[in-house]
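Q: Residue numbers (the working numbering), protein chains in the order written: chain A, 1 to 308; chain B, 309 to 565.
The beta-carbon is built from N, C-alpha and C at its ideal position, and this holds for glycine as well.
I'd like to ask some things about the structure below.
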Ligand SMILES: Cc1cc2nc3c(=O)[nH]c(=O)nc-3n(C[C@H](O)[C@H](O)[C@H](O)COP(=O)(O)OP(=O)(O)OC[C@H]3O[C@@H](n4cnc5c(N)ncnc54)[C@H](O)[C@@H]3O)c2cc1C
Ligand SMILES: Cc1cc2nc3c(=O)[nH]c(=O)nc-3n(C[C@H](O)[C@H](O)[C@H](O)COP(=O)(O)O)c2cc1C
């Protein structure tokens, strides 16, 4: 599959070959199979699956999503059937495809992150992505992803627990994104993905109450794109590990913007809900752009926005 | 039932009453694959602010024309965009989605209110062959109900009407008519409409020992079972997705209405 598109879109991320630089945002592509009627899963660079925890989690109560201007808020609450279910029922189906599988994991303590990483250290899982936008229950609920020390602890514990390349997914809800990136790089992460959702709230003026049962939710979609591009642009100049950029990518133009900012790979999230074949379409759009610009391999333009 | 993304050409649009419109679009894939109770997710987007698709039930199918018909109430941004479409325009549709009605019924009774009548129209027409079902329509007033009565004409046997203001049919909610009807030999009740109505219908069916299927509405983003916006717990404690395991459920399965 690396020969897809003559290998012009192929990228090697931490030793894993992706046929295109496009993966899917965790939680926006289910377990991949939900989309097989719409696109060829072989033409997706990698499939990143829904956030998985050690045990099943039913998620939040009440309304869990709402559209907002040029975006949406979600408070799914990381619902998932748990790591055992994933291994028994989902992974075997994903193994029918050559496409690399990235499992997004989370926990509520450093030990829980390590335990789920260890459990998923099996054939068929190609990379592990750590979602650090979760509250640290043992430390009074402070979110791992907003504390460089706690984030680094998680990264070290996961690195020790798994043989797979580890991607750490940064939360944008911090004042110093570069500091967070340097902390997880120093702790040994093999790659960084960014950004997760921004925290937001919507109030219904008729009921005069918050729309989401959970009050706060994660903002995603095109409205967050400039924030995400800025963060990738800043972080890419300071770290040495590859970056997977995401946040509001709706089309190939947006994907190219992230690559120019310094991302080696990109992920489409909310756009999958709007255009279920978008991951494949973006790859095709990139190729046409490369032809027009005389670019042989997509890696030539990573960070071109700030490189001399 | 293969799902697809269809660029459907608008064939015919119609204003059915003050706020309800219908739109027939040419979409042979959807006309061939769709079954009663399923829905589609339409991209009614203009400019940069609206983003998500809007779910709408499949209200009717015209097989020779390869078309489907959507019936919707104009309430917000998305449905306003739909209302502006004219014959010859294109609408981007994903479908068919979800699990439709189970059709084994010797003597079906259909009970609908408001826009819940949209998917029930297709059920009446194609679900049981030559319009075997009887129908109860509930609504606020004659103005709201008359168009539905016309749409169902010829597709059901007997029609019973109730209106809140008594301007047509029996005065009251659908329950006014249902109490008596449930004593007859219907073996399955199919209902879609406002939640309080469906809950009351389901409870009455349970009391009368009749099977009942309900079609639920929950806020959903993808309609494909991926985002989990519409996931909830069923009566057996199992996680289900309204968009994928529903929108039609047996009434006894439902815990979170
Ligand atoms: C399975 C299903 C089938 C439906 N079938 C029909 C139908 O046949 N005819 C019809 O008129 N309506 C139907 N609806 C409701 C319809 O989806 C909403 O009326 C429509 O999305 C409103 O969009 P808007 O932009 O005009 O209004 P908005 O201002 O965006 O929303 C108005 C209200 O509509 C509801 N709504 C909006 N977006 C969604 C969404 N993505 N999912 C669920 N609810 C939403 C919300 O309650 C919201 O408060 C159905 C909904 C579902 C879930
Ligand atoms: C409904 C929904 C569920 C999500 N679930 C997860 C998740 O389980 N784990 C995670 O790390 N990110 C999750 N995300 C965040 C996305 O993967 C992505 O980082 C974010 O949405 C920004 O990209 P986008 O604007 O392209 O959607 C979720 C996003 C949405 C919209």
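(1) Are the C-beta of residue 246 of chain A and some C-beta of chain B separated by less than 8 Å?
(2) Just to confirm before moving on: does the CB-CB distance between residue 39 of chain A and residue 279 of chain A stay below 8 Å?
(3) Answer yes or no: does any C-beta atom of chain D fall closer than 8 Å to that of residue 258 of chain A?
(4) Quick check on the burial criterion: 16 or more other C-beta atoms within 10 angstroms. Buried or exposed for residue 545 of chain B?
(5) Determine the closest residue to residue 24 of chain A out of A:306, A:267, A:160 and A:292, with distance taken between C-alpha atoms.
(6) Give the straight-line distance between the Cα atoms of residue 356 of chain B and residue 250 of chain A, rounded to the nearest whole angstrom.
(7) Quick one: what does DSSP say residue 440 of chain B is sitting in, helix, strand or coil?
(8) Counting only the same chain and skipping the five closest in sequence on each side, list residues whose C-beta sits under 6 Å from that of residue 501 of chain B.
(9) Name the one or two DSSP bridge partners that residue 204 of chain A has.
(10) CA-CA distance, residue 395 of chain B and residue 143 of chain A?
(11) Can you give, in chain order, each stretch of the alpha helix (DSSP H) that sits fully within the region 76–140 of chain A and has at least 4 residues?
(12) Compute every distance between the C-beta of residue 386 of chain B and the non-hydrogen atoms of ligand 1, then say whether any falls below 7 Å.
(13) Quick one: residues in its chain with C-beta nearer than 7 Å to the C-beta of residue 408 of chain B, no 5 flanking neighbours on either side, listed in chain order?
(14) So, for residue 540 of chain B: in the same chain, excluding its five sequence neighbours on each side, which residues have a beta-carbon less than 6 Å away from its beta-carbon?
(15) Determine the burial state of residue 163 of chain A: buried for a count of at least 16 other Cβ atoms within 10 Å of its Cβ, exposed for fewer.
(16) Could you give the distance in angstroms between the alpha-carbon of residue 310 of chain B and the alpha-carbon of residue 272 of chain A?
(17) Less than 8 Å between the C-beta atoms of residue 350 of chain B and residue 399 of chain B, yes or no?
(18) Which residues bound the alpha helix (DSSP H) around residue 289 of chain A?
(19) Under the assumption that residue 472 of chain B contacts residue 448 of chain B (Cβ atoms under 8 Å), give the Cβ distance between them as a whole number of angstroms.
(20) Just to confirm the assignment, what range does the beta strand (DSSP E) spanning residue 500 of chain B have?
(21) Comparing the CB of residue 525 of chain B with every heavy atom of ligand 1, is any distance shorter than 7 Å?
(22) Within the region 140–225 of chain A, note down every full beta strand (DSSP E) run reaching 3 residues or more, in order along the chain.
(23) State the start and end residues of the unbroken beta strand (DSSP E) segment that holds residue 472 of chain B.
(24) Starting from the Cα of residue 377 of chain B, find the closest Cα among B:526, B:316, B:406 and B:525 and give me that residue.
(25) Could you spell out where the beta strand (DSSP E) holding residue 16 of chain A opens and where it closes?
(26) Which residues of chain B have a Cβ atom closer than 8 Å to the Cβ of residue 59 of chain A, listed in chain order?
(27) With a threshold of 7 Å on Cβ separation, who are the neighbours of residue 112 of chain A within its own chain once the five nearest residues in sequence on each side are excluded?
(28) Output yes or no for whether 8 Å exceeds the beta carbon distance between residue 276 of chain A and residue 314 of chain B.
(29) Thinking residue 309 of chain A and residue 22 of chain A are a contact (beta carbons under 8 Å), I'd like their distance in whole angstroms, please.
(30) What residue range does the beta strand (DSSP E) around residue 67 of chain A cover?
(31) According to DSSP, is residue 403 of chain B part of a helix, a strand, or is it coil?
(32) Three-state secondary structure (DSSP) at residue 52 of chain A?
(33) Leaving out five residues before and five after residue 391 of chain B in sequence, what residues of the same chain have Cβ atoms less than 7 Å from its Cβ?
(34) Going along the region 352–384 of chain B in order, which residues come within less than 9 Å of chain A, judged by CB to CB distance?
(35) Should residue 361 of chain B be labelled buried (16 or more other beta-carbon atoms within 10 Å of its own) or exposed?
(36) DSSP three-state call for residue 230 of chain A: helix, strand or coil?
A: Quick look at the numbers:
(1) Between residue 246 of chain A and chain B, the shortest Cβ-Cβ separation is not below 8 Å.
(2) Their beta carbons are under 8 Å apart, which means residue 39 of chain A touches residue 279 of chain A by this criterion.
(3) Considering every chain present, this structure includes no chain D. Its protein chains are A and B.
(4) With fewer than 16 neighbouring CB atoms inside 10 Å of its own CB, residue 545 of chain B falls in the exposed class.
(5) Considering only alpha carbons, the answer is A:267.
(6) Per the coordinates, the alpha-carbon of residue 356 of chain B lies some 11 Å from the alpha-carbon of residue 250 of chain A.
(7) Residue 440 of chain B carries a coil assignment under DSSP once its states are collapsed to helix, strand and coil.
(8) Counting only Cβ-Cβ distances below 6 Å, and skipping sequence neighbours, we find 420, 421, 422 and 424.
(9) Bridge partners of residue 204 of chain A: A:209.
(10) Straight-line Cα distance between these residues: approximately 52 Å.
(11) You should have 91–94 and 110–119.
(12) For residue 386 of chain B, the CB falls within less than 7 Å of some heavy atom of ligand 1.
(13) Here the set comprises 343, 344, 345, 346 and 556.
(14) Excluding the 5 residues flanking it on each side, residue 540 of chain B has same chain C-beta neighbours closer than 6 Å at 564, in chain order.
(15) Burial call: exposed.
(16) Cα to Cα, the separation comes out at about 18 Å.
(17) Annotated as proximal: residue 350 of chain B and residue 399 of chain B, with beta-carbon spacing under 8 Å.
(18) Residues 278–293.
(19) Right, the Cβ-Cβ distance comes to about 5 Å (below 8 Å), so this counts as a contact.
(20) That run of the beta strand (DSSP E) goes 496–500.
(21) True, at least one ligand heavy atom lies under 7 Å from that Cβ.
(22) You should have 166–169, 191–194, 198–201 and 216–220.
(23) Where residue 472 of chain B is concerned, there is no enclosing beta strand (DSSP E), given that its DSSP letter is neither H nor E.
(24) Looking only at B:526, B:316, B:406 and B:525, the smallest Cα-Cα distance to residue 377 of chain B is reached by B:316.
(25) Following the DSSP letters along the chain, one finds residue 16 of chain A inside the beta strand (DSSP E) bounded by residues 16–18.
(26) In chain order, 536 and 539 make up the part of chain B whose C-beta sits under 8 Å from the C-beta of residue 59 of chain A.
(27) Hits under 7 Å: 54.
(28) Against a cut-off of 8 Å, the Cβ pair of residue 314 of chain B and residue 276 of chain A comes out as no contact.
(29) The first residue shown for chain A is 1 and the last is 308, placing residue 309 of chain A beyond what the model contains.
(30) For residue 67 of chain A, the enclosing beta strand (DSSP E) starts and ends at 65–68.
(31) Assignment of residue 403 of chain B by DSSP, reduced to helix, strand and coil, places it in the strand class.
(32) DSSP places residue 52 of chain A in strand when its eight states are reduced to three.
(33) 329 and 382, listed in sequence order.
(34) If the cut-off is 9 Å between Cβ atoms, the region 352–384 of chain B has 353, 356, 357, 358, 359, 360 and 361 near chain A.
(35) With at least 16 other beta carbons inside 10 angstroms of its own, residue 361 of chain B counts as buried.
(36) DSSP places residue 230 of chain A in helix when its eight states are reduced to three.
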